[in-house]
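Asker: Dropping the structure in here first, questions after.
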Amino acid sequence: MFLEIKDLSVKIENKNILKSLNLNINKGEVHAIMGPNGSGKSTLANVLAGKEDYEILNGRINFKDNDLFDLNIEERAQEGMFLAFQYPVEIPGVNITPFLHSAINSKRKRMNIEEIDNLSFAKLLKSKASDLGINIDMLKRSVNTGFSGGEKKRYEILQMSILNPDLAILDETDSGLDIDALKIVTDGVNKLKTKDNSFLIITHYQKLLDYIKPDYVHVMVNGSIVRSGGSEIAAEIDKDGFQKFQ
Amino acid sequence: MNSETLNTLDTYSKNKYKYGFVTDIDNEKPKKGLNEDIIKFISQKKNEPDWMLDWRLKAFSKWKKMKEPKWANLSFPEIDYQDIYYYSAPKGFEKKPKDLSEVDPKLIETYNKLGIPLEEQKVLAGVAVDVVFDSVSVATTYKGELEKLGIIFCSIGEAIQKHPDLIKKYLGSVIPPGDHSFSALNSAVFTDGSFVYIPEGVKCPMELSTYFRINAENTGQFERTLIIADKGSYVSYLEGCTAPKRDDNQLHAANVELIALEDAEIKYSTVQNWYPGDEDGKGGIYNFVTKRGLCAGKNSKISWTQVETGSAITWKYPSCILKGDNSIGEFYSVAITNNFQQADTGTKMTHIGKNTKSKIISKGISLGRSQNTYRGEVSFLRKAEKARNYTQCDSLLVGNQCGAHTVPYIDSKNNTAVIEHEASTSKINEDQLYYCRQRGLSHEEAVSLIVNGFCKQVLQELPMEFAVEAQKLVSISLEGSVG
């Protein structure tokens, strides 16, 4: 199994957020998790990425034959997990080129692949940016600093395409995007998709799924997955909302 | 080897051994303590003219009546001036390590991280390298090229011998010996330092650095530097080296004076990385430095850039006196304190002339249990019509046992002055760390990246190759502070 979440219960500040959650993802699959606000979707994304604010009460997670809880945040990233953030944070004064260059090399180091040199990396970054329709000028700015919401999300997808993860988690990447930006972002995801990598797409709205076709859709309510199926579920939610799942 | 190199080597070795016997004090190692005898001894060792000795003695008599300035946010035990050696040249003569295997491995590790070549490592660690042929010939080549342009670049001792008129005119003209006790002390006992004179209309074609001066190795604890940029000239001067120097001397009190005449510009960059003491706050240098520049002429400009990561105590305020109309003063500073380090640093901008401008960008980073203070004074005198100042001081705290303090003084006697002041204090942001680590960077890499980003405005003022080393140095000084 590529990613296996078994019986996962998580709390933060005395509040139980995830309750006996189960989810399996195979290589090459695209999964979507939909759910109302406060259902625990973002918590799941952060627990997977390793954010330290949460208390794991029960359960286990396996990722590429690792017990995920044995790995810290950066080790998980180096193993090929990528989280596209809902609210990417600004890092003033830090340019994306050295930032991503260090990131890609730390991953290569863990995988015992030769590090990529400055020049080759700069070329790679430029070509990926132009593939995604990202203006080269944006690469001269500091990470996320002074970016609009749409720019930040595109920037996340650019980073994703450079780091080429095995599992990409997109946390409400569609929120706050206009239709043009949404297209750029979803195009990026579709280009990146292969039979060897997997996606976990977290969204509140069904619209994103018009552009990215998931193999599975899960409905998450109150910390558990209450229903799983194909893309027909997304259509149901679009029509009737989350009411009937609660 | 060409003849010029041979000549240099010859003088070099002669300089080392030419000191004869001295009358009243043991010639190998004078006793500890500060008195007229030791000052006479120093002056004699340096073969100085009488007027220089008089100058030193006058400074000493002023020092005797003075007390140390106590207004800084620093705490340290009383300095016992009688328990200090005031002359020990060539430094570490008898206790030099024979080769790198005798040098603290921690220090070697740091050198390697900074990417410093083996030969340079030896020089920096004070290994007894009799003559480093490469650097001597490099120095010689530079010297020849500079001489053609009429640029004087030599030790202050040599300048006292060869250029007495310039020394008499300018030494102490910006920092009078009686300014405060540390300037009086330095004036009385200074042993080495640099002298630079750039003639009218000459743009110095290279960065001048103590590193290329042959006797840089012996630069002592009471350094004295004097830089004069004549009308319409330009010079960029780099002080020190980014590699850490382990030094046994507890007290350092350097004086640096800059003079920019009409339309001249001086850019002075420092990376200070003296021994900061250990993780428990034991040892380390007390660094009491006075740096002051005088924009004497119209349209002149003086720019200070400093990266301060070392010393147990840093007391340092590179300042500008903006006397000439339209003159400009700038101060860019990064001060990083870790463990038990204390830094009280900033600047003084004194606006005297019309349309004078000053700019202050200060970035303080505190880690561990350290204390980091920005102290600045911007004053506008009565005749400083339409003068302007812009001040920005930002503090970054890493952890919760350190302190950051900002003490800006503003004093305006002219109501056309425009003053802008911005200040911020922030803690290193957990969300930024999480974001970086999610991309695969380690905790330490992430902190270093964020701190370097925070300092960028200042680091980019440094000359290119210096900036790269300074960035590495910033990362090294953060080590062991996170986790």
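Residue numbers (our numbering), protein chains in the order written: chain L, 10 to 255; chain X, 1245 to 1727.
Glycine included, each C-beta is placed from N, C-alpha and C at the ideal position.
Answer yes or no: does any C-beta atom of chain X fall closer than 8 Å to that of residue 16 of chain L?
Answerer: Not an interface residue.
Asker: Pick from L:105, L:10, L:12, L:21: whose alpha carbon is nearest that of residue 232 of chain L?
Answerer: With distances taken between Cα atoms, residue 232 of chain L lies closest to L:21.
Asker: DSSP three-state call for residue 98 of chain L: helix, strand or coil?
Answerer: The answer is coil: DSSP assigns residue 98 of chain L none of H, G, I, E or B.
Asker: Under 8 Å, do residue 1555 of chain X and residue 1516 of chain X count as touching if we go by C-beta distance?
Answerer: Contact: yes.
Asker: Run the CB neighbour count on residue 42 of chain L, radius 10 Å, all protein chains shown included, and call it buried at 16 or more, exposed below.
Answerer: It counts as buried.
Asker: Mind listing the chain X neighbours of residue 60 of chain L? Cutoff is C-beta to C-beta under 8 Å, in chain order.
Answerer: Chain X residues near residue 60 of chain L: 1678.
Asker: Step through the CB atoms of chain L and report whether any lies within less than 8 Å of the CB of residue 1698 of chain X.
Answerer: It does: the Cβ of residue 1698 of chain X has a partner Cβ on chain L nearer than 8 Å.
Asker: Whose CA, out of L:250, L:211, L:11, L:205, lies closest to the CA of residue 77 of chain L?
Answerer: Checking every option, the nearest Cα to that of residue 77 of chain L belongs to L:11.
Asker: Below 8 Å, how does it come out for the region 95-112 of chain L and the region 143-154 of chain L: are there three or more Cβ pairs, yes or no?
Answerer: Flag = yes, the region 95-112 of chain L and the region 143-154 of chain L touch.
Asker: Who are the neighbours of residue 1666 of chain X on chain L, taking C-beta pairs under 8 Å?
Answerer: Going along chain L, no residue has its Cβ under 8 Å from residue 1666 of chain X, so there is no contact; the nearest lies around 14 Å.
Asker: Look at the alpha carbon of residue 1424 of chain X and the alpha carbon of residue 60 of chain L, and state the distance between them as a whole number of angstroms.
Answerer: About 54 Å.
Asker: For residue 203 of chain L, does the count of other Cβ atoms within 10 angstroms reach 16, so buried, or fall short, so exposed?
Answerer: Burial call: exposed.
Asker: Which same chain residues, not among the five before or five after residue 1417 of chain X, have their C-beta less than 8 Å away from its C-beta?
Answerer: Excluding positions up to five away in sequence, the list reads 1501, 1503, 1538.
Asker: Where residue 200 of chain L and residue 169 of chain L are concerned, what is the direct C-alpha to C-alpha distance, given to the nearest angstrom?
Answerer: If you take the alpha carbons of residue 200 of chain L and residue 169 of chain L, they lie about 11 Å apart.
Asker: Check the Cβ-Cβ distances between residue 1684 of chain X and every residue of chain L, and say whether any is below 8 Å.
Answerer: At least one chain L Cβ lies under 8 Å of residue 1684 of chain X.
Asker: On the CB-based measure, 16 or more other CB atoms within 10 Å of its CB, does residue 1261 of chain X come out buried or exposed?
Answerer: Low confidence applies to residue 1261 of chain X: its pLDDT is 27, below 50, so where it sits in the model is not reliable, and the reading given next is rough at best. With fewer than 16 Cβ atoms within 10 Å of its Cβ, residue 1261 of chain X is classed as exposed.
Asker: Hey, does residue 45 of chain L have any beta-carbon neighbour from chain X nearer than 8 Å?
Answerer: Chain X contact via Cβ: absent.
Asker: Which same chain residues, not among the five before or five after residue 179 of chain L, have their C-beta less than 6 Å away from its C-beta?
Answerer: Closer than 6 Å at the Cβ level, and outside the excluded window around residue 179 of chain L, lie 93, 210.
Asker: Are the region 1683-1693 of chain X and the region 1527-1538 of chain X in contact at 8 Å, needing three or more beta carbon pairs?
Answerer: The region 1683-1693 of chain X is not in contact with the region 1527-1538 of chain X.
Asker: What three-state label does DSSP hand residue 24 of chain L in the structure shown?
Answerer: The answer is strand: DSSP assigns residue 24 of chain L an E or B state.
Asker: Could you check what DSSP says for residue 1642 of chain X in three-state terms: helix, strand or coil?
Answerer: Residue state, collapsed to three classes: coil.
Asker: If you draw a straight line from the alpha carbon of residue 1303 of chain X to that of residue 1465 of chain X, how long is it in whole angstroms?
Answerer: If you take the alpha carbons of residue 1303 of chain X and residue 1465 of chain X, they lie about 17 Å apart.
Asker: In whole angstroms, what separates the C-alpha of residue 1531 of chain X from that of residue 1483 of chain X?
Answerer: Approximately 15 Å, taken between the alpha carbons.
Asker: Between which two residues does the beta strand (DSSP E) containing residue 237 of chain L stretch?
Answerer: From DSSP, the beta strand (DSSP E) with residue 237 of chain L extends over 233-238.
Asker: Within 8 Å of any Cβ in chain X, is that where the Cβ of residue 54 of chain L sits?
Answerer: For residue 54 of chain L, the answer is no, since every Cβ of chain X falls outside 8 Å of its Cβ.
Asker: Below 8 Å on the Cβ atoms is my guess for residue 1568 of chain X versus residue 1506 of chain X; work out the distance and round it to an integer in Å.
Answerer: Confirmed, about 7 Å.
Asker: Should residue 1299 of chain X go down as buried or exposed, given a rule of 16 or more other Cβ atoms within 10 Å for buried?
Answerer: By the neighbour-count rule (16 or more Cβ atoms within 10 Å), residue 1299 of chain X is buried.
Asker: Determine the direct distance from the alpha carbon of residue 1498 of chain X to that of residue 1412 of chain X, and round the result to whole angstroms.
Answerer: Approximately 19 Å, taken between the alpha carbons.
Asker: If we call anything under 8 Å between Cβ atoms a contact, is residue 224 of chain L one with residue 38 of chain L?
Answerer: In this structure, residue 38 of chain L lies closer than 8 Å to residue 224 of chain L by Cβ.
Asker: Does the region 1304-1324 of chain X come within contact of the region 1420-1439 of chain X, defined as at least 3 CB pairs closer than 8 Å?
Answerer: Flag = yes, the region 1304-1324 of chain X and the region 1420-1439 of chain X touch.
Asker: Find the residues of chain X that neighbour residue 112 of chain L, judging by a C-beta separation of less than 7 Å, and give them in chain order.
Answerer: Residues of chain X passing the Cβ test: 1683, 1684, 1685.
Asker: Would you report the Cα separation of residue 1415 of chain X and residue 1600 of chain X, rounded to the nearest angstrom?
Answerer: Distance between the alpha carbons of residue 1415 of chain X and residue 1600 of chain X is about 25 Å.
Asker: If you reduce the DSSP assignment to three classes, tell me which class residue 1701 of chain X lands in.
Answerer: Here residue 1701 of chain X sits in helix by DSSP.
Asker: Is the beta carbon of residue 1619 of chain X sitting closer than 8 Å to the one on residue 1590 of chain X?
Answerer: It is a contact, given that the beta carbons lie within the stated cut-off.
Asker: Rounding to the nearest angstrom, what Cα-Cα distance links residue 1561 of chain X and residue 1511 of chain X in this structure?
Answerer: About 16 Å.
Asker: Which one of X:1586, X:1595, X:1534 has the shortest CA to CA distance from residue 1544 of chain X?
Answerer: Among X:1586, X:1595, X:1534, the Cα nearest to that of residue 1544 of chain X belongs to X:1595.
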